[in-house]
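Q: The opening residue of the sequence shown carries number 14 in the working numbering; numbering runs sequentially from there.
By construction, the Cβ of each residue, glycine as well, lies at the ideal position given by its N, Cα and C atoms.
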Amino acid sequence: MKLKLKKYLYNQDENLSGLESKRITILNFCCFLMTFDILFFTIKRAIENELNSQILFSYITYLVLFITVYFLQQKKYYVQARILFLISFAFSVFMLTQVLFIHENTEYNYLGLPILALFFFDRKWVHYITLLIAMFLFFIPYYITGNRNLDNFIPAEKVFLFIILFLVVKFFKDVNESNEKKLKNAYQELEENKQNELSSLRFKLLKSQLNPHFMFNSLNSIQNLVLKENKHEAYEYLTKFSSFLRENLKMSKDSFISLEDEIQLLNQYLELEKLRFGNDFQYEIEEVLDKENIKIPSMIIQPFVENAIKHGLLHKKTGIKKVTVKFMLDEILECTIIDNGIGIKASREINELNDLKSNSDSIKLIEERLTLLKDYYKTNIGFSYIDIPEGTKVIIKIPYTV
14 MKLKLKKYLY
24 NQDENLSGLE
34 SKRITILNFC
44 CFLMTFDILF
54 FTIKRAIENE
64 LNSQILFSYI
74 TYLVLFITVY
84 FLQQKKYYVQ
94 ARILFLISFA
104 FSVFMLTQVL
114 FIHENTEYNY
124 LGLPILALFF
134 FDRKWVHYIT
144 LLIAMFLFFI
154 PYYITGNRNL
164 DNFIPAEKVF
174 LFIILFLVVK
184 FFKDVNESNE
194 KKLKNAYQEL
204 EENKQNELSS
214 LRFKLLKSQL
224 NPHFMFNSLN
234 SIQNLVLKEN
244 KHEAYEYLTK
254 FSSFLRENLK
264 MSKDSFISLE
274 DEIQLLNQYL
284 ELEKLRFGND
294 FQYEIEEVLD
304 KENIKIPSMI
314 IQPFVENAIK
324 HGLLHKKTGI
334 KKVTVKFMLD
344 EILECTIIDN
354 GIGIKASREI
364 NELNDLKSNS
374 DSIKLIEERL
384 TLLKDYYKTN
394 IGFSYIDIPE
404 GTKVIIKIPY
414 TV
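#1: Provide the residue(s) that pair with Phe84 in DSSP beta bridges, ordered along the chain.
#2: For Leu150 and Tyr141, what's the separation of their Cα atoms in angstroms?
#3: Please name the residue, chosen from Leu129, Asn122 and Val139, that lies closest to Phe152 on a Cα-to-Cα basis.
#4: Glu380 to Arg259, Cα distance in whole Å?
#5: Exposed or buried, what is Val338 when buried is set at 16 or more other beta-carbons lying within 10 Å of its beta-carbon?
#6: Counting only the same chain and skipping the five closest in sequence on each side, list residues whose C-beta sits under 6 Å from that of Val336.
#7: Quick one: is Arg95 buried, meaning 16 or more other Cβ sit within 10 Å of its Cβ, or exposed?
#8: What whole-angstrom Cβ distance do Leu99 and Gln93 have, given they're in contact under 8 Å?
#9: Would you call Phe53 buried or exposed, if buried means 16 or more other Cβ atoms sit within 10 Å of its Cβ?
#10: Please report the distance separating the alpha-carbon of Lys334 from that of Asn65.
#11: Buried or exposed: Arg424, going by 16 or more other Cβ atoms within 10 Å of its Cβ?
#12: Between Thr405 and Gly332, is the Cβ-Cβ spacing less than 9 Å?
#13: Using DSSP bridges, identify the partner residues of Met341.
#14: When you compare the CB positions of Ile411 and Ser397, do they come within less than 9 Å of one another, or not?
#15: Is Tyr296 helix, strand or coil when you go by DSSP?
#16: Let's test the definition: count the other Cβ atoms within 10 Å of the Cβ of Asn41 and tell me whether it reaches 16, buried, or not, exposed.
#17: Quick check: what's the CA-CA separation for Lys197 versus Ile73?
#18: Whose C-beta lies closer than 8 Å to the C-beta of Ile146 among residues of the same chain, with five residues either side of it excluded?
#19: By a C-beta neighbour count over all protein chains shown, 10 Å radius and 16 as the cutoff for buried, is Ser268 buried or exposed?
#20: With C-beta atoms as the reference, is Thr384 less than 9 Å away from Ile345?
#21: On the DSSP bridge list, what partners appear for Ser397?
#22: Give me the DSSP bridge partner(s) of Phe269.
#23: Look up Lys329 in the DSSP assignment and say whether it is helix, strand or coil.
#24: To the nearest whole angstrom, what separates the beta carbons of Pro154 and Thr110, a pair I think is in contact under 8 Å?
#25: Considering just the uninterrupted stretch of the alpha helix (DSSP H) at Lys434, what are its terminal residues?
#26: By the three-class DSSP mapping on this structure, what secondary structure does Asp187 have?
#27: Just to confirm, is the Cβ distance from Leu22 to Phe49 under 9 Å?
#28: For the alpha helix (DSSP H) containing Arg136, name the first residue and the last one.
#29: Got a sec? Which residues, its chain only, sit under 6 Å from Leu288 by beta carbon, not counting five neighbours each side?
#30: Bridge partners for Asp352 per DSSP, in chain order?
#31: Does the beta-carbon of Ser83 have 16 or more other beta-carbons within 10 angstroms, so that it is buried, or is it exposed?
#32: Ile176 and Leu144: beta carbons closer than 9 Å?
#33: So, is Gly325 buried or exposed, given that buried needs 16 or more other C-beta atoms within 10 angstroms?
#34: Please confirm whether Phe340 and Leu272 have their CB atoms less than 9 Å apart.
#35: Might you give, ordered along the chain, the residues of its own chain that have their beta carbon closer than 7 Å to the beta carbon of Ile298, omitting 5 neighbours on each side?
#36: Bridge partners of Thr414, per DSSP?
Okay, structure coming up:
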């Protein structure tokens, strides 16, 4: 019998708001990852003959705490579960830092404490108190227990690290919440004024475009760069990420945008993916002439490129991962996206194995939108996937104006 994790990880309470539902799902995922992490390191240390009674007792304690958090959520004690999770997280990092692995710099895990508080609670005083507590706990092995060498240690730099990471996550959280409020108001206005189907699909598409997986992956990449003290790379990634998010939100307000702006947004997105994947990832965009005077429907191309990376290139184990985007102008604009990933068949098998949908919601919404545009323009508009010897090709036929 296939185990369906979605049933156990995603919120099943339909009476809750969208924000509360997300918090429950995130906390379930955190509990699952923590439990998996504990079990993995218990087995690893047992194989390496490093598992003593003290470590085993600590791991069992952590395991009980995180499982308790999960079951509190199942019993609908949501606030209590979040408070217990933050306490458990702080306690586990404290034990790792002060007792179990004194010389392994595990205190950097405290960076996650105020970020978790941002996601789980609305009150600002909780956010700032958690930030102060996290910084205090971080400095314990340096100035109280003396477990760390103070040579070349700059306390102001560490305080700055906590604050800047906290503010970055808070900024994107506020942007996301603000956009969700705008979407909610937009939906209400659409319902009240009985707007046409095309407008409704465009607002739904905006919501699907704000992919939480992409955002979390980007924030995780920034955090990893900060932890590795790659300040220049972290600043570069953060700058490009904020620019991409700002442009994405700005373009989503318009039904049609210039092809030049679409290509610029696509470049920003692919640069972010290249920073995340490293030298193993390459991309190429073959542009067309007069692109600044050509206008196309907004928010069409980028989801297909994201799909190519997520379903085709992500699972590619060897060699360079590459995606190519080509444009050809005729009676309609034809955009061809080619990736050298695992192909349609292999991707579909992986999705079925993990009980995932083969197409994202954004692709389905684009399909509906292109169907409406096809009826309106009375021309050949739409998209099709083609399996090629190495990878996948998708051809998108888009209407345009000059």
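A: Concretely, from the data shown:
#1: Answer by DSSP bridge pairing: none, since Phe84 is not bridged.
#2: When rounded, the distance between both Cα atoms is 14 Å.
#3: Comparing C-alpha distances from Phe152 to each of Leu129, Asn122 and Val139 shows the shortest one belongs to Asn122.
#4: Using only the alpha carbons, I get a separation of about 25 Å.
#5: Counting of Cβ neighbours within 10 angstroms places Val338 among the buried residues, the total reaching 16 or more.
#6: Result list for Val336: Tyr296, Ala321 and Asp352, in chain order.
#7: Under this definition Arg95 is a buried residue.
#8: Between Gln93 and Leu99 the Cβ distance is about 11 Å, and since that is not below 8 Å, they are no contact.
#9: By the neighbour-count rule (16 or more Cβ atoms within 10 Å), Phe53 is not buried but exposed.
#10: Straight across, the Cα-Cα distance linking Lys334 with Asn65 is about 43 Å.
#11: Look at the range of the chain in this structure, 14 to 415, and you will see that residue 424 is not part of it.
#12: Contact check for Thr405 against Gly332 fails: the beta carbons are separated by 9 Å or more.
#13: Glu347, per the DSSP bridge assignment.
#14: Using a Cβ distance threshold of 9 Å, Ile411 and Ser397 do not count as a contacting pair.
#15: Strand, per DSSP.
#16: So Asn41 counts as buried.
#17: Their Cα atoms are separated by approximately 44 Å.
#18: Contacts found: Ala103 and Leu126.
#19: A residue is called buried once 16 or more other Cβ atoms fall within 10 Å of its Cβ, and Ser268, having fewer, is exposed.
#20: With respect to the 9 Å criterion, Thr384 and Ile345 are not classified as neighbours on the basis of their beta carbons.
#21: Answer by DSSP bridge pairing, in chain order: Ile408.
#22: Under DSSP, the beta-bridge partners assigned to Phe269 are Pro310.
#23: Correct three-state label for Lys329: coil.
#24: Contact between Pro154 and Thr110 holds: their C-beta atoms lie close to 6 Å from each other, under 8 Å.
#25: Because the chain is modelled from 14 through 415, residue 434 falls outside the range shown and cannot be assessed.
#26: If DSSP states are grouped into helix, strand and coil, Asp187 belongs with the helices.
#27: Going by beta carbons, Leu22 and Phe49 fall outside the 9 Å limit.
#28: Per DSSP, Arg136 belongs to no alpha helix (DSSP H) and is neither H nor E.
#29: Apart from the 5 residues on each side of it in sequence, Leu288 sits with its Cβ closer than 6 Å to the Cβ of Tyr250 in its chain, given in chain order.
#30: Asp352 pairs with Val336 and Thr405.
#31: The question names Ser, but residue 83 in the sequence shown is Tyr. Under a 10 Å Cβ-count criterion, Tyr83 is classified as buried, with 16 or more other Cβ atoms of the shown protein chains found around its own Cβ.
#32: Going by beta carbons, Ile176 and Leu144 fall inside the 9 Å limit.
#33: A residue is called buried once 16 or more other Cβ atoms fall within 10 Å of its Cβ, and Gly325 is buried on that count.
#34: For the pair Phe340 and Leu272, the CB atoms are nearer than the 9 Å cut-off.
#35: Excluding sequence neighbours, Ile298 sits near Ile276, Leu279, Asn280 and Val338.
#36: Per DSSP, Lys308.
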